[in-house]
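The block underneath contains the structure these notes are about, expressed in structure tokens.
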Amino acid sequence: MTVKTLAEKLGWKLLTESDGADREVHGCYVGDLLSWVMGRAKADDIWLTVMGNINAIAVATLADTAGIVLVESAALDGDALKRADMQGVAIYATEVPAYETAVALTKALEEA
Amino acid sequence: MSMLQLKYDIPGDDFTRAGEASGDVKQKLKKLGYNPAAIRRVAIAMYEGEINVVIHGGGGEAVVDVDPDKVSILLIDHGPGIADVEKAMQEGWSTAPDNVRSLGFGAGMGLPNMKKYSDEMEIDSVVGKGTKLKLVVYAQSSKA
Ligand SMILES: Nc1ncnc2c1ncn2[C@@H]1O[C@H](COP(=O)(O)OP(=O)(O)OP(=O)(O)O)[C@@H](O)[C@H]1O
Ligand SMILES: [Mg+2]
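So, in structure tokens, the structure goes:
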């Protein structure tokens, strides 16, 4: 399932130019410490976090995650948004916490 | 002589530019048609090294040599150096200040990640003089 389809199913709000229609989601990683994400997330994981800064965009790009979901309505910095649009990273926002978001997306992926 | 040599200045304490060098290397390797799994390992290992130069080393430089069978990354800074390399290599060990931690750094996982994603790693650090870090990633490797 693509990031875009998943986002539509779960009602996430798109923040970036890229909507992730070109990225397949193969799994999910939850975390806010950047080196944990780089060490443990797999390529094509969707990344749930509250970290909406420019360094998170670098991590998503370099670790090749499918996209970012900012949970609990965490803020996206202005320079982070610019960098995300430059790099073609898809970022969505939801007010739902990370655990519930992970549960819902796992269900959606399993049903697909 | 390597097939392609890339050189970068890494500005100290500039978190908005941190990752530019590793991002550029990633793009160039993609264009060269390098093995995607190797590209990802290069990108992550180099970014961890680059961000350490920014945060801990006060800036420095990167020299990347690309060959068909491997990518060699040399990161050099003239910062405070690492007193106890063995300790620094442990997961969770970090001296990152609070302002850096609030950005999501300081988990003490950077050096362990470099070890995990590189095939060769060498740290040459002198307290008060600086740190030289060499990482080699093979194009074909059994590493994740
Ligand atoms: N280039 C360097 N110059 C001086 N000290 C360094 C350098 N690189 C690493 N260190 C020291 O080694 C420690 C561990 O580094 P490591 O990258 O593993 O973790 P970190 O940078 O503190 O946190 P993280 O990488 O998880 O964000 C650092 O906190 C710092 O004390
Ligand atoms: Mg580090």
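Chains as they are written, first to last, in the numbering used here: chain U, 2 to 113; chain G, 914 to 1057. We put the beta carbon where it would ideally sit given N, CA and C, even for glycine.
Which term fits Y1030/G, buried or exposed, when burial requires 16 or more other beta carbons within 10 angstroms of its beta carbon?
-> Its Cβ being crowded by 16 or more others within 10 Å, Y1030/G is buried.
What number of angstroms, rounded off, separates the C-alpha of G1041/G from the C-alpha of G994/G?
-> G1041/G and G994/G have their alpha carbons spaced roughly 6 Å apart.
In whole angstroms, what separates the C-alpha of A951/G from that of D982/G?
-> Distance from the CA of A951/G to the CA of D982/G, rounded to the nearest whole angstrom, comes to 10 Å.
DSSP three-state assignment for L987/G, whether helix, strand or coil = In this structure, L987/G counts as strand in the three-state DSSP scheme.
Among residues of its own chain, excluding the 5 on either side of D86/U, which ones have a beta-carbon nearer than 8 Å to its beta-carbon?
-> Close CB contacts of D86/U within its chain, under the 8 Å cut and outside five residues either way in sequence, are with T17, E18, S19 (chain order).
Within chain U, partners of T929/G - CB distance below 7 Å | Going along chain U in sequence order, the residues near T929/G (Cβ under 7 Å) are I55, D80.
For I957/G, return the contacting residues in chain U, with the cut-off set at a CB-CB distance below 7 Å.
-> I957/G reaches chain U at M39, L63, A64, counting residues in chain order whose Cβ is nearer than 7 Å.
Under 8 Å between C-beta atoms of D80/U and T929/G | Closer than 8 Å, so yes.
Flag this pair as touching only if the region 1020-1029 of chain G and the region 31-49 of chain U have three or more C-beta atom pairs under 8 Å; answer yes or no.
-> Yes: the two stretches touch, three or more of their Cβ pairs being nearer than 8 Å.
Ends of the beta strand (DSSP E) at Y947/G?
-> Where Y947/G is concerned, there is no enclosing beta strand (DSSP E), given that its DSSP letter is neither H nor E.
Unbroken beta strand (DSSP E) run spanning T95/U, endpoints | Premise fails: T95/U is in no beta strand (DSSP E) and is neither H nor E.
Is A61/U helix, strand or coil when you go by DSSP?
-> Correct three-state label for A61/U: helix.
What do you reckon, are the CB atoms on A44/U and R953/G nearer than 8 Å?
-> In this structure, A44/U sits near R953/G, with a CB-CB distance shorter than 8 Å.
Candidates M1034/G, G946/G, I968/G, L987/G: closest to K920/G by CA position | Answer by Cα proximity: L987/G.
Is any heavy atom of ligand 2 found at a distance shorter than 7 Å from the C-beta of S36/U?
-> Yes.
Which residues have their C-beta within less than 5 Å of a heavy atom of ligand 2, listed in chain order?
-> Residues with a Cβ closer than 5 Å to any heavy atom of ligand 2, in chain order: N965/G, G1023/G.
Are the C-beta atoms of S36/U and some chain G residue less than 8 Å apart?
-> Under the 8 Å criterion on CB atoms, S36/U is classed as interfacial with respect to chain G.
Do L71/U and N56/U have their CB atoms nearer than 8 Å?
-> Their beta carbons are not under 8 Å apart, which means L71/U does not touch N56/U by this criterion.
Could you check where the beta strand (DSSP E) with K920/G kicks off and where it finishes?
-> In the DSSP annotation of this structure, the continuous segment of the beta strand (DSSP E) that includes K920/G starts and ends at 917-924.
Going by C-alpha distance, which of D990/G, K1045/G, P949/G is nearest Q1053/G?
-> Checked all of D990/G, K1045/G, P949/G; the closest Cα to Q1053/G is P949/G.
Just the Cα atoms here: how many angstroms apart are V60/U and M914/G?
-> Approximately 31 Å between the Cα atoms of the pair.
Is the Cβ of A44/U closer than 8 Å to any Cβ of chain G?
-> A44/U counts as touching chain G.
Could you check which residue in E1033/G, G1017/G, A1020/G has the C-alpha nearest to that of V1083/G?
-> This structure cannot speak to residue 1083/G, because chain G is shown only from 914 to 1057.
Beta-carbon separation of C29/U and A103/U under 8 Å?
-> Yes, the Cβ-Cβ distance between C29/U and A103/U is below 8 Å.
Endpoints, beta strand (DSSP E) assigned at E974/G | Per DSSP, E974/G belongs to the beta strand (DSSP E) from 972-979.
Using a Cβ-Cβ cut-off of 8 Å, state whether S1055/G counts as contacting chain U.
-> Interface residue (Cβ-Cβ distance to chain U less than 8 Å): S1055/G is not classified as such.
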